Structures are given as structure tokens and as C-alpha cells.
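With UniProt numbering applied, the sequence shown corresponds to residues 1 to 560, in that order.
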Amino acid sequence: MRFRDLADAANLSHTHFIRTTEPQHAEAVREIWRRLQEGGYIYKGEHSGWYAVSDEAFYTETQIRERVDPKTGEKHMESIETGQRVEWSSEESYKFRLSLFRDALLTWHTSSRPLPPSFYPSSTSTTTTTTDRFTTPLQPPSQHDALIAELESGPLPDLSVSRPRSRLHWGIPVPGDEEGHTIYVWVDALVNYLTVTGFPWKTATTSGDGGGGEEGKDEWEGSAWPADVHVVGKDIIRFHAIYWPAMLMAAKLPLPRHIVAHAHWTMNKSKMSKSLGNVVDPFVALQQFRPHPPSSTSPPTTTTTGESSNWGSVDVLRWYLMRIGGNLATDSDYNESILREYHRKNLQSQIGGLTSRALAPKVLQRLTDGQEGRQEEMAEVKVPRPSPVLPEDENLERQIKELAGVFDTYMQRFQLSKALQAVHDAVAEANKLITRLEPWSAHASLSTVQRAVYYSTETLRLAGILLGATVMPERMAVLLDRLDLQGQQHQQEQEQEQGQEVTTWEGAQTLRDVVSLRFRTDGQKMEPLFPPLPSPPPHASSPGQKEPKKGSKKGRLPTS
Numbered sequence: 001m002r003f004r005d006l007a008d009a010a011n012l013s014h015t016h017f018i019r020t021t022e023p024q025h026a027e028a029v030r031e032i033w034r035r036l037q038e039g040g041y042i043y044k045g046e047h048s049g050w051y052a053v054s055d056e057a058f059y060t061e062t063q064i065r066e067r068v069d070p071k072t073g074e075k076h077m078e079s080i081e082t083g084q085r086v087e088w089s090s091e092e093s094y095k096f097r098l099s100l101f102r103d104a105l106l107t108w109h110t111s112s113r114p115l116p117p118s119f120y121p122s123s124t125s126t127t128t129t130t131t132d133r134f135t136t137p138l139q140p141p142s143q144h145d146a147l148i149a150e151l152e153s154g155p156l157p158d159l160s161v162s163r164p165r166s167r168l169h170w171g172i173p174v175p176g177d178e179e180g181h182t183i184y185v186w187v188d189a190l191v192n193y194l195t196v197t198g199f200p201w202k203t204a205t206t207s208g209d210g211g212g213g214e215e216g217k218d219e220w221e222g223s224a225w226p227a228d229v230h231v232v233g234k235d236i237i238r239f240h241a242i243y244w245p246a247m248l249m250a251a252k253l254p255l256p257r258h259i260v261a262h263a264h265w266t267m268n269k270s271k272m273s274k275s276l277g278n279v280v281d282p283f284v285a286l287q288q289f290r291p292h293p294p295s296s297t298s299p300p301t302t303t304t305t306g307e308s309s310n311w312g313s314v315d316v317l318r319w320y321l322m323r324i325g326g327n328l329a330t331d332s333d334y335n336e337s338i339l340r341e342y343h344r345k346n347l348q349s350q351i352g353g354l355t356s357r358a359l360a361p362k363v364l365q366r367l368t369d370g371q372e373g374r375q376e377e378m379a380e381v382k383v384p385r386p387s388p389v390l391p392e393d394e395n396l397e398r399q400i401k402e403l404a405g406v407f408d409t410y411m412q413r414f415q416l417s418k419a420l421q422a423v424h425d426a427v428a429e430a431n432k433l434i435t436r437l438e439p440w441s442a443h444a445s446l447s448t449v450q451r452a453v454y455y456s457t458e459t460l461r462l463a464g465i466l467l468g469a470t471v472m473p474e475r476m477a478v479l480l481d482r483l484d485l486q487g488q489q490h491q492q493e494q495e496q497e498q499g500q501e502v503t504t505w506e507g508a509q510t511l512r513d514v515v516s517l518r519f520r521t522d523g524q525k526m527e528p529l530f531p532p533l534p535s536p537p538p539h540a541s542s543p544g545q546k547e548p549k550k551g552s553k554k555g556r557l558p559t560s
């Protein structure tokens with residue numbers, strides 16, 4: 001339940017949340033075992049090797065190393081990959097003929113696979129070539145290279161796929177040997193990917209391959225299998241990129257299209273460890289980095305366009321985790337000071353600052369000079385797309401025209417950090433333009449004000465769509481509302497003019513001919529899009545850090 005609660009707290013949705021104890025899953029595991037056994041891929045033998053109890057895994061000689069306990073001086077062996085202690089063990093077990101699949105695995109891992117479906121189904125990105133639309137199954141490339149080197153280094157040993165029932169009594173018993181052996185927990189766990197798709201698929205009849213399937217129809221047709229992508233930690237690549245594909249091949253089932261292995265989070269450049277006290281509690285972090293209103297005693301208010309101020313948004317932490325951790329290839333450091341700095345520079349100053357400057361009543365009122373209706377509480381202005389494009393505006397125009405395609409391609413290639421950076425690069429360029437044009441200045445011409453407002457608001461619109469659909473749904477909904485893109489009247493107008501919504505992916509692929517904005521005429525300032533984060537308590541330190549000495553500034557976290 002704690003994982004489900006965390007998903008809710010982090011504003012994450014899921015279609016299925018499954019545990020290996022569910023009856024449907026046990027049925028799926030037994031069906032996979034049956035197919036492997038009937039195919040001749042499982043036999044009973046003896047397994048010897050270096051075994052880690054905590055990992056529930058055997059390791060080869062090349063996967064372990066000797067370590068000396070610094071306290072006792074005792075020598076022991078441990079897994080290089082996980083750091084867990086291993087002991088030599090010999091026992092009877094059922095084994096899977098993994099050795100038969102080395103060549104097939106090499107062929108699969110070196111094949112070119114189409115990228116996953118576009119982040120948005122109707123995407124027609126023109127920023128990549130045909131070659132760029134293909135990649136190898138395992139990503140990122142550094143993990144692909146390491147896996148190929150492992151597969152090419154020599155034969156694969158057969159895999160022990162059971163444990164004595166006397167040692168592992170809580171798992172799923174081996175069919176036909178229920179008293180003697182339990183199915184290896186990693187075989188059990190990997191089948192979860194199939195279980196949530198309805199496997200074994202009941203709607204199909206038995207096919208010649210031993211599985212369900214109507215004549216002339218694949219048994220998995222109509223289900224969610226094969227998966228577009230498995231997202232896994234870098235420490236369990238072998239299970240997902242060697243054992244699992246081999247078992248699927250043996251069961252005559254299609255393989256997942258991609259496997260994405262992410263790196264780990266460290267804390268202040270050190271591996272997270274309970275003994276060091278540097279483990280981050282995600283529930284605490286989600287609460288700690290919720291922005292606070294200007295006055296903690298003030299009730300929730302509304303902005304100038306009437307939207308509710310969502311001060312309790314978890315978007316900031318979601319954004320930081322993807323912006324920093326979304327590079328996947330290398331470990332990322334969780335540092336509260338850096339989080340605050342990124343929030344101040346990237347969110348408050350860049351996106352928030354551009355919003356405040358572009359939508360400032362003083363700027364928008366310049367566009368209503370001579371228009372009727374200035375005495376109304378709300379005024380509306382229409383800003384045409386600049387034509388022709390001036391040389392000094394060409395870079396930003398090109399950048400925002402290509403932004404949706406660039407963002408989509410990065411997302412398809414699992415380069416999340418680069419996708420978010422592309423949005424922030426465009427926002428930074430728009431900030432340079434509005435700073436250069438100074439539309440708030442009394443000396444700025446009408447055309448200058450129009451250029452500044454048009455390019456700034458179109459950049460913000462695209463940022464709102466792209467970031468809102470991925471990492472910041474709540475704050476970007478507020479941004480789009482301020483741009484008057486959520487109002488029914490404006491949506492109907494856009495549908496009539498362009499035949500599409502301006503807050504959807506279709507609208508993000510083109511720049512609008514006319515930008516319509518509404519604003520208050522009383523000059524009331526809007527609330528900040530990204531309010532300050534709550535200040536850390538005096539002398540607070542990140543987990544794992546020592547408290548600074550009294551009077552020392554070292555170790556203090558900067559406030560934003």
C-alpha cells in the first residue's frame with residue numbers, strides 16, 4: 001500500500017498495480033513454466049556457485065570480488081554489482097537452458113528497432129532522419145555496449161530457476177514438485193509483465209505452439225503485449241535483458257520492444273545507505289518542496305484570470321527529478337541546495353519571470369491604446385504573428401517552430417533531461433528577446449510590443465503544453481489559464497479559426513496567426529507562477545551531512 005500511496009502523493013497514475021501474491025499471477029507463472037518445460041528448456045540438475053541471500057541470485061567468478069571487513073579484518077566475497085555478501089553454495093535445482101540463447105540474444109540486441117510510438121500519437125516530427133528513428137533494444141547506449149561485451153565474452157551458463165522448498169517456502173511451488181522446489185523469485189517477478197496484460201489469454205484457443213491463439217491469429221493480439229518499453233534500474237539489467245528475453249523466446253512469445261535502464265540517485269555524492277542516514281524519504285521530500293503562498297496565514301486565492309492558486313503542487317520535485325535524473329546514463333546526485341538553485345534559476349526566474357513580464361498589465365495595456373472597452377474590468381487584445389520575421393527574431397522563431405518535434409524525439413529516445421532542457425532553452429531565448437525589446441518602456445513602438453508579447457506568449461504556450469503533459473501538469477495548467485487558453489470562449493474561437501485546440505499536441509506543432517489575451521485593467525499584479533519554496537529550518541542539513549558548528553555558515557542551505 002505504501003507504493004500506491006506514494007503514486008497518489010506524487011500525482012502518478014497507473015492502469016495496473018500488481019503484486020506477486022495475486023492468484024491471477026500465480027496462474028501466469030505456472031503457464032510460463034509449463035511452456036518452458038514442454039519445450040524441453042527446463043531440466044533438473046545441481047547448481048553450484050556464489051550465492052547472495054539478499055539478492056536471491058547466484059554469481060559467477062567474474063561477478064564477485066574479495067572484500068575485507070574494516071572492523072573485524074575478516075575476508076569475504078561480495079557481488080561487484082550489488083555489494084552484497086556471497087557464499088559458496090551447492091544444491092539441487094531446476095535449470096533453464098539459457099546457454100542455447102546466446103546467439104539469439106546477440107542478434108536481438110544488435111538489431112535496429114523502431115523507436116516507441118510518438119509521445120503524442122499524431123506527431124509528425126521533421127527533426128530526425130529515417131536512421132534516427134531506430135535504435136537498439138537496450139538503452140542508454142552505454143548499457144547496450146556493456147551488455148554486448150558480456151554476451152560476447154563467452155558462453156552463457158544455464159540458469160537455476162528454482163530453490164529448495166525448505167529454504168524458500170513462500171514462493172510459487174514448482175508444478176509437479178510442489179513439496180520439493182519453489183520457482184525462482186526472479187522468474188516469478190518477471191512474469192508480472194505478462195500477468196497485467198491478461199496472460200494466459202483466455203479468449204484464444206490452443207495453437208500449435210502450445211499457447212493460446214485462434215487459427216491465423218497471434219494469441220496476444222488485442223492485449224497490451226508486447227510492451228513498448230520496460231523501465232528498470234541498472235542493477236537488474238541482466239534479469240531483464242538476458243534472462244527475460246530468453247524465457248520469452250523459449251515460450252514463443254514476442255519480446256518487449258525496448259528496455260530502458262536508469263542510473264541511481266546518490267546523496268551528496270555518496271551512495272544512499274540506511275547506515276549513513278542519507279536515504280531520502282519521498283513522502284517527506286514531496287511535502288518539503290511544496291511551494292508556500294506569500295503569507296502562510298492567507299487563504300487560497302485566485303489569479304487575475306480566475307484560476308485557483310495551487311500552492312500545494314508537487315510539480316517542482318517531479319520536475320527536478322526528471323531534469324537531473326532524466327539523463328539515465330550516469331548516477332544523479334540528490335542535493336537540496338541544488339534543487340533550490342534550479343528552482344530559483346529555471347522555474348522562478350526563467351518561466352515565471354517570462355510569464356510575469358509578458359503578461360504584465362502595463363505591457364498589455366499598450367496594445368489596447370485607442371481600442372474600445374478599456375473601461376471594462378477585463379480587456380482583450382489580439383496580437384498578430386510578426387511578418388516578415390526580423391533577422392534578430394529568426395533564432396527564436398526557428399527554435400519554437402521546431403520545439404515540439406525536438407521534444408518528442410528526445411522523449412522517444414528516452415532522453416528526458418534533454419527534452420526538458422530544450423524547453424528551457426527556448427524560454428531562455430524568449431527572455432533574451434523581451435529583455436532586448438523592453439515592451440514596458442514608453443519608447444517601445446506598437447510593433448515592438450507586439451513582437452515581444454507574441455513570441456513570449458507562444459513560447460510559454462508551447463512550454464505549458466509540453467511540460468504540462470509530462471512533469472508539471474498542475475503548474476502548467478495555471479500557466480495556460482493565464483494565457484487564456486483554458487477558457488471556453490477562446491477555445492471555441494480557435495476551433496473555428498484553426499479547427500484544433502491550442503492546448504493540445506496538434507496546436508503545439510504550429511505557431512498561431514493571432515494570439516488573443518485577456519487581462520485585468522485595474523493593474524492588479526498576478527501571483528507568481530512559481531512561489532518561493534519553504535525555507536529550511538535553521539542549521540538544517542541534508543541527510544547524511546553533519547550538523548554545522550555553531551556560528552558556522554558551512555552546511556547551510558540557501559533559500560530561494
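Positions of the beta carbon are idealized from the N, C-alpha and C atoms, including for glycine. The model shown is predicted, which means the values in this text are computed figures rather than measured ones.
| Check | Outcome |
| --- | --- |
| Per-residue DSSP class, three states only, for isoleucine 32 | helix |
| Burial state of tyrosine 43 (16 or more Cβ within 10 Å) | exposed |
| As assigned by DSSP and simplified to three states, the class of aspartate 55 | coil |
| Other residues of its chain near glutamine 143: CB distance less than 7 Å, five sequence neighbours each side excluded | Lys234, Ile237, Ala261 |
| Sequence-distant residues of its chain with Cβ nearer than 8 Å to leucine 359 (five each side left out) | Thr457, Arg482, Leu483, Leu517, Phe519, Met526 |
| Between the CA atoms of methionine 472 and proline 291 - distance to the nearest angstrom | 13 Å |
| Pairwise C-alpha distance: serine 89 and proline 282 | 37 Å |
| Cβ-based neighbour list, aspartate 315, same chain, cut-off 6 Å, excluding 5 preceding and 5 following | Met472, Glu474, Arg475 |
| Residues that DSSP places opposite methionine 77 in a beta bridge | Glu66, Val86 |
| Boundaries of the alpha helix (DSSP H) in which phenylalanine 3 is found, first to last residue | 2 to 9 |
| Residue(s) in a DSSP beta bridge with leucine 517 | Val381 |
| Reduced DSSP category for proline 114 - H, G, I as helix; E, B as strand; rest coil | strand |
| Nearest-angstrom Cα separation, counted from glutamate 22 out to glycine 198 | 13 Å |
| Element boundaries [beta strand (DSSP E), containing tryptophan 265] | 265 to 267 |
| Bridge-paired residues (DSSP) for proline 173 | Thr182 |
| Cβ neighbour criterion (16 or more within 10 Å) applied to serine 166 | exposed |
| Pair within 7 Å by beta-carbon distance, glycine 352 and leucine 529 | yes |
| Buried or exposed (CB count within 10 angstroms, at least 16 for buried), asparagine 395 | exposed |
| Contacting residues, own chain, Cβ-Cβ under 7 Å from valine 381 (five flanking each side not counted) | Leu364, Leu367, Thr368, Leu517 |
| Residue burial classification, alanine 508 (beta-carbon count within 10 angstroms, cutoff 16) | buried |
| Nearest neighbour of glutamine 84, chosen from Arg65, Glu74, Arg102, Ile18 [CA to CA] | Arg65 |
| DSSP state of glutamine 415 mapped onto helix, strand, coil | coil |
| Spatial neighbours of residue 568 in its chain, beta-carbon cut-off 8 Å, leaving aside the 5 residues before and after | As shown, the chain starts at 1 and ends at 560. That puts residue 568 outside it, with no answer to give. |
| N- and C-terminal bounds of the beta strand (DSSP E) containing isoleucine 236 | Careful: isoleucine 236 lies outside any beta strand (DSSP E) and carries neither H nor E. |
| Buried/exposed call for tryptophan 319, threshold 16 Cβ in 10 Å | buried |
| For aspartate 333, the residue or residues it bridges with in DSSP | Thr266 |
| Test item: CB-CB of methionine 249 and phenylalanine 101 under 7 Å | yes |
| Sequence-distant residues of its chain with Cβ nearer than 7 Å to valine 86 (five each side left out) | Trp50, Tyr51, Ala52, Tyr59, Ile64, Met77, Glu78, Ser79 |
| contact_flag[the region 266 to 277, the region 147 to 166] where n(CB pairs < 8 Å) is 3 or more | no |
| Whole-angstrom distance between leucine 286 and serine 535, CA atom to CA atom | 14 Å |
| Secondary structure of serine 162, DSSP reduced to three states | strand |
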